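Numbering (the numbering used here), first residue to last: 90 to 509. In this text, a Cβ means the ideal position worked out from N, Cα and C, and glycines have one as well. Computed from a predicted model, the values in this text were never measured in an experiment. Input: a single structure, listed below in C-alpha cells.
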Ligand SMILES: [Zn+2]
C-alpha cells in the first residue's frame, strides 16, 4: 500500500491559520470584526473564589490572548453585569441552542462572563447533573453572510470537583483561557498528537490551550500554535514582518480534495509544532495554510483522532464519526520528501510563503514512500485573514439557530478522560 506525495507549484499566497477558525461563513473565517471586544463580568463568585479573585483569573486569561503581539484582539473588562447571575436570572443573558433570534441577549450589548458558583446555572441550562461534567461553555454568534460575530458569552462552572477531578486554580484558569479562545472564534487544535498519546502521553505544556482535552495539569500559557491561530484570525500589521508561511493543498491524483486531514509542521531546530486541517476554509480544494516563524520545517499529516468529534471536533469535517475526517481509513504520518522515509526540509523565510501541493495516489494510507518534487516561495498575502463578507446589516438570519447549536462548546468529562 504505497502512496505518492508530490509537491508542485501553486501561486495562491494567503495568510495562514494554525489551529484554525471555529466558524466559517461561506469561505470566510468568522471573527469579531472590531477586535476590541468588551466583556461584562458577573458580580458573584466561582465556588470558594471571591469575586475579585474570579475577576483576576478572567483578566489573566484575557491578557494571554491580548499579549500576542502579532494579533489585534483586545479583550477588555466593561461594566459589570447588573446582578449576581444564578439559576433564577440567567435566561435573559445566555441565548440557548435552538432559541429565538429575538432572544434579549442577542441585542443587549453585553458579552457576559457568568460565574456559575455552584453549577446550578449549567444544570438549569443544559439539564440535571450537567454541572458534574461541564466545566465551561462559550460561544459567539454571527449573522449569516457577515463573517462577523455580534455577541457571545462565557459560562464557567465554579464547582470544586467535576467528573471526579478537583478543579484547581490552574485547571480553571486554563479552562477560562480555552473558552475565551472559542468566544473569539478559535477552533480546537490537534497538533502532532496521535492516538498513542491522546490521553496525555506528553507533558502538559506540549498541548495547546485549544487542544480538546485537559492533559497533565496544563500550565495557563498559550502554546505557539494558539498564538499562530489568534494571529491568523486577528492579524496585526506586523504579521508579514514577523511570520513566513507554508500553504498548499492536499488532493488525490484525480484532483479531488482530501478534506479534514490534520496537517502538521515541525520546526527541526526548536521542535515547535503547528497544525491546521486541510480545507479548513471549506473551499473544496484541500487548502491549508500555517503561519510560522522563520526556520526549517518538516511537513506531515495524520488522521483526526476518532474521539475528536462533535463538541470536541478538530476542523470542519469532524462533526460526527461518519464525517469526512474519519473516512480515510488511517492516514498515519506523512514523511514528505524526495527520499522515501526521510523528510524534505522546508526553509521558511519571514514575509514569504512556501506553497506546496500534496498529492496522494489514492492507493491507501500514506506510508514513508512519499515524494516531494517542487517547492516554491512567494510573498505572503498580507492581511488576507478574516474579514466580513459584507451585507447583513445586523439582521440575524434564521440560520443562526443552527450556528448556535454548532457553537456551544462545553468542556466536558468523558469517563476518566478530561475533554474541554
Ligand atoms: Zn473546546
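- If the five residues before and after residue 113 are omitted, its C-beta is found closer than 8 Å to the C-beta atoms of 119, 369, 370, 371, 405, all from its own chain and listed in chain order.
- By the neighbour-count criterion, in which 16 or more other beta carbons inside 10 Å mark a residue as buried, residue 147 falls on the buried side.
- Secondary structure at residue 396: coil, using DSSP grouped into helix, strand and coil.
- The beta carbon of residue 154 sits closer than 8 Å to the beta carbons of 160, 162, 164, 266, 269, 270, 273, 311, 319 from its chain, once the five residues preceding and following it are set aside; these are given in chain order.
- For residue 173, the closest C-alpha among the options 139, 145, 403, 359 is that of 139.
- Residue 229 has 241 as its beta-bridge partners, per DSSP.
- Ranking 333, 134, 393, 261 by CA distance to the CA of residue 205 puts 134 first.
- Three or more beta-carbon pairs separated by less than 8 Å link the region 328-340 to the region 379-393, which places the two stretches in contact.
- Under DSSP, residue 117 forms a beta bridge with 114.
- In the structure shown, residue 215 falls within a helical segment according to DSSP collapsed to helix, strand and coil.
- Around the beta-carbon of residue 359, fewer than 16 other beta-carbon atoms lie within 10 Å, marking it exposed.
- Distance from the CA atom of residue 195 to the CA atom of residue 356, rounded to whole angstroms, is 43 Å.
- Counting the other Cβ atoms within 10 Å of the Cβ of residue 142 gives fewer than 16, which makes it exposed.
- Burial is judged here by how many other beta carbons sit within 10 angstroms of a residue's own beta carbon; residue 317 has at least 16 and is buried.
- Beyond the five residues adjoining it in sequence on each side, residue 374 comes within less than 6 Å, by CB distance, of 338, 346 in the same chain, given in chain order.
- DSSP, read as helix, strand or coil, puts residue 252 in coil.
- By a beta-carbon distance limit of 8 Å, residue 362 contacts residue 353. Their separation comes to about 6 Å.
- Per DSSP, reduced to three states, the secondary structure at residue 314 is helical.
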